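Enquirer: In my numbering, the protein residues as written are 605 to 1176.
Pasting in a structure now, in structure tokens, and then I'll have a few things to ask.
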Amino acid sequence: TDDPAGLHGNLVGLGLAAKPGQGVYLPLKHHTTLDATPQIAWADAVAELDALFADVSVLKIFHDAKFGLEAIARAGLGAVAPLDDVMLISYAQDAGNFGHDIATLARVHLSHTMKTPDDVTGTGRNRLNFAEAPVEKAAELGGEAADVSLRLWGQLKPALRVHKSLALYELLEKKLIPVLAEMEAHGVLVDRADLSAMSVEFERRMGEFEMQIHKLAGHEFNVGSPKQLGEVLFEEMKLPGGKKGKNGAWGTDSSVLEGLAEQGAEIAARVTDWRQLSKLKSTYADALVGQIDARTGRVHTNFQMAATTTGRISSTDPNLQNIPIRTEEGGRIRRAFIAAPGHCLISADYSQIELRLLAHVADIPALKESFANAEDIHARTASEVFSVPMAQMDGATRRRAKAINFGIIYGISAFGLARQLGISAGEAKIYIDAYFKRYPEIRAYMDATKEQARTDGFVLTPFGRRCWVPRIKDKIPALRAYAERQAINAPLQGGAADIIKRAMVKLPKALKDAGFKAKLLLQVHDELLFEAPDAEVEQAAALVREVMQGAAVLSVPLVVETGVGKNWGKAH
């Protein structure tokens, strides 16, 4: 298309291949000159392509079918069926093993180096729009991409059955394509005026932090310059623990600042505050205004189907996954996402889904009983680990248990827990040891999962997704330890991703069959966001909850919490 990253890119041409080694290119809407390669008349192409796309005896193979189908639909062409997507075929069996872009797959599976779009359009100031590129050059790229996709399909599709990933691909990943395409096309409303006010508010607060930082430093400097900040912290203020990188500059990343703040360096805490606000201002308060589509008045995020190592969906332009969950600023940003007039937003969030999956996969009787009885799981854990009767539970003890419960999922160390709770590493180790003594099944699960990763190179979600852990045998201890934490968490995070995807596949039809006009807008981590007419919002929310809670049958109940409001912050 003439805009490979945008919602409104026009279809310029199609690469086609019916036999391996015989890729061709169909130029449709290049901006040609009189002496350029002639193109097929659009009316003639439409008739032929519609017939091909509708022919059920011909399988249509894409790489990134969501992108291709969106471009085909925008061109006014008919529905495409049946289809396969080699990107998702690869992802269903090799998440985390390597990238799933067509160039990487060609290199890994075919030992073939592909041409790039830059070879056709050029780079820098002289870059051409793809529609302006010479047809001959476009044909080399388009024909090659079609041929590579066909050859990849011949290798990868049979491997799905061998790797027991066929059902995951056919019933989940492939069925999600039209769901996400519709979500992208529909978009979500944002409040332009509120975003502008938020930008001003964040700018004011950043200025206040900057004044405090300058006062603590004793002079003004550019807070946004890591070089100047490093010199202030470690050369002028002589703070401990400074390390220089290969470029000779002091390290000032978030872990360095957190460590300094924990040692009482107020300036490090204020710089962290400033950086967080600066990031939110540039990424959301300022950028979202520019991402409002002029034709629809909405923001249309791009959902990435094969970008994470665990099966989770991610998003770009904007990246919704990076909106802080439990901070005042995160709530402020969510309030800028609004419902259309006469509508409300419905937020539906799986409650403690990874902890529930841990109880299920590790078969932990005590946790399963707590979830079955709808108990306060953190209070129950605190009671059992710290020997405190439930009736005498205080907030601080419960918070410690909560930190351990969620920390264990991510393979937290005594040092990490100590930093989180503000206690000594020795005390944190006592807590973790007590936790594993009370729940020995968790230790057994973690050991077995790490062993599986070392043996097979991957771990499995409860639904059969293979999540690869390439560095599980790395010689560098820090990288190996990180890979072990990945291995422990991947079946839980990946299992949660599989469950919410199951719900997403079912929900559009369930809502339509019930006569509701509610639309699925966004998916962020364990949460789905819908827009529904005011008159049906409560009934639609109840149906959403029912479908999501029934998306999988585990040995513990799935619980979904729903909220309704005129903006995402209120609904969330």
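Positions of the beta carbon are idealized from the N, C-alpha and C atoms, including for glycine.
Keep in mind it's a predicted model, so treat the numbers as computed, not measured.
Along the beta strand (DSSP E) that carries P642, what are the first and last residues, could you check?
Expert: Where P642 is concerned, there is no enclosing beta strand (DSSP E), given that its DSSP letter is neither H nor E.
Enquirer: Could you say which of A1136, V690, L692, V1148 lies nearest to C948 if we only look at CA atoms?
Expert: When only C-alpha atoms are compared, the closest one is A1136.
Enquirer: So the beta strand (DSSP E) R960 belongs to, where does it begin and stop?
Expert: R960 -> not in any beta strand (DSSP E); alpha helix (DSSP H) instead, spanning 957-965.
Enquirer: Between the C-alpha atoms of D1037 and P1161, what's the straight-line distance to the nearest angstrom?
Expert: For D1037 and P1161, the distance between alpha carbons rounds to 28 Å.
Enquirer: Answer with buried or exposed for T708, where buried requires no fewer than 16 other C-beta atoms within 10 angstroms of its C-beta.
Expert: Classification of T708: exposed, given that the 10 Å Cβ count is below 16.
Enquirer: With 16 as the cutoff for other CB atoms within 10 Å, does I937 come out buried or exposed?
Expert: Per the 10 Å Cβ criterion, buried.
Enquirer: Buried or exposed for L884, going by 16 or more other Cβ atoms inside 10 Å?
Expert: By the 10 Å Cβ count, L884 comes out buried.
Enquirer: Roughly how many angstroms lie between the CA atoms of A645 and L630, to the nearest whole one?
Expert: Straight-line Cα distance between these residues: approximately 11 Å.
Enquirer: Decide if H823 is buried, meaning its Cβ has at least 16 other Cβ atoms within 10 Å, or exposed.
Expert: The residue in question, H823, is exposed, as its Cβ has fewer than 16 Cβ neighbours within 10 Å.
Enquirer: Whose C-beta lies closer than 8 Å to the C-beta of V965 among residues of the same chain, with five residues either side of it excluded?
Expert: If we look at V965 and ignore the five residues flanking it on each side, its Cβ neighbours are Y1049, P1066, P1095, L1096, G1099.
Enquirer: When you compare only the Cα positions, how much space is there between N1093 and G946?
Expert: Straight-line Cα distance between these residues: approximately 42 Å.
Enquirer: By a C-beta neighbour count over all protein chains shown, 10 Å radius and 16 as the cutoff for buried, is E786 buried or exposed?
Expert: Burial call: exposed.
Enquirer: State the beta-bridge partners of F666 as determined by DSSP.
Expert: Answer by DSSP bridge pairing, in chain order: D689.
Enquirer: So, is M994 buried or exposed, given that buried needs 16 or more other C-beta atoms within 10 angstroms?
Expert: It counts as exposed.
Enquirer: Which class does Q925 belong to by DSSP, given the choice of helix, strand or coil?
Expert: Three-state result, Q925: helix.
Enquirer: Out of D607, A1007, F1019, Q895, which one is the CA nearest neighbour of A675?
Expert: Ranking D607, A1007, F1019, Q895 by Cα distance to A675 puts D607 first.
Enquirer: Does the segment 862-869 come close enough to the segment 832-847 that 3 or more CB-CB pairs lie under 8 Å?
Expert: Enough Cβ pairs lie closer than 8 Å, so yes.
Enquirer: Would you kindly work out how many angstroms separate the C-alpha atoms of G617 and D1117, rounded to a whole number?
Expert: Cα-Cα distance, rounded: 37 Å.
Enquirer: Using DSSP with H/G/I as helix, E/B as strand and the rest coil, what is D953?
Expert: If DSSP states are grouped into helix, strand and coil, D953 belongs with the strands.
Enquirer: What is the DSSP secondary structure of I942, counted as helix, strand or coil?
Expert: I942: strand per DSSP, three-state reduction.
Enquirer: Given S858, which residues of its chain have a CB within under 8 Å of its CB, disregarding the five upstream and five downstream residues?
Expert: Correct list, in chain order: T876, R879.
Enquirer: Between which two residues does the beta strand (DSSP E) harbouring L1124 extend?
Expert: First-last of the beta strand (DSSP E) with L1124: 1123-1128.
Enquirer: Suppose contacts are defined by Cβ-Cβ distances below 8 Å. Is V1168 in contact with A1175 by that definition?
Expert: Cβ distance < 8 Å, so V1168 and A1175 count as in contact.
Enquirer: On the CB-based measure, 16 or more other CB atoms within 10 Å of its CB, does L663 come out buried or exposed?
Expert: When all chains shown are included, L663 counts as exposed.
Enquirer: Since I believe T725 is in contact with F734 (beta carbons under 8 Å), could you give me their beta-carbon distance rounded to a whole number of angstroms?
Expert: The Cβ separation is near 6 Å, so the contact holds.
Enquirer: I'd like the list of long-range same chain contacts for A1144, defined as Cβ closer than 6 Å, with 5 residues on each side in sequence excluded.
Expert: Closer than 6 Å at the Cβ level, and outside the excluded window around A1144, lie F1120, A1122, A1136.
Enquirer: Just how far apart, CA to CA, sit T914 and G1020?
Expert: Distance between the alpha carbons of T914 and G1020: 23 Å.
Enquirer: I'd like to confirm the pairing. Which residues does DSSP put opposite A1136 in its beta bridges?
Expert: According to DSSP, which records beta bridges pairwise, A1136 is partnered with C948.
Enquirer: Pair every Cβ in the segment 1123-1130 with every Cβ in the segment 1107-1115, then say whether three or more of these pairs are closer than 8 Å.
Expert: Because the criterion of three Cβ pairs below 8 Å is met, the segment 1123-1130 and the segment 1107-1115 touch.
Enquirer: Counting only runs that start and end within the segment 777-811, where is the alpha helix (DSSP H) found for 4 or more residues in a row?
Expert: As far as the segment 777-811 is concerned, its whole alpha helix (DSSP H) runs of at least 4 residues are 778-790.
Enquirer: If you measure between the beta carbons of L692 and K778, is that distance less than 8 Å?
Expert: Closer than 8 Å, so yes.
Enquirer: Helix, strand or coil for Q759? Go by DSSP, reduced to three states.
Expert: Of the three classes helix, strand and coil, the one that applies to Q759 here is helix, per DSSP.
Enquirer: May I ask you to verify whether the segment 972-992 touches the segment 956-963, counting CB pairs closer than 8 Å and requiring at least 3?
Expert: Counting Cβ pairs under 8 Å, three or more are found: they touch.
Enquirer: Can you give me the Cβ contacts of T641 inside the same chain, cut-off strictly under 7 Å, excluding the 5 residues immediately before and after it?
Expert: So the qualifying residues of the chain are P631, V739, E740.
Enquirer: How should G672 be labelled, buried or exposed, when 16 other C-beta atoms within 10 angstroms of its C-beta is the threshold for buried?
Expert: Buried, by the Cβ-count rule.
Enquirer: Just the C-alpha distance for E840 and L820, rounded to the nearest angstrom, thanks.
Expert: Those two C-alpha atoms are separated by around 11 Å.
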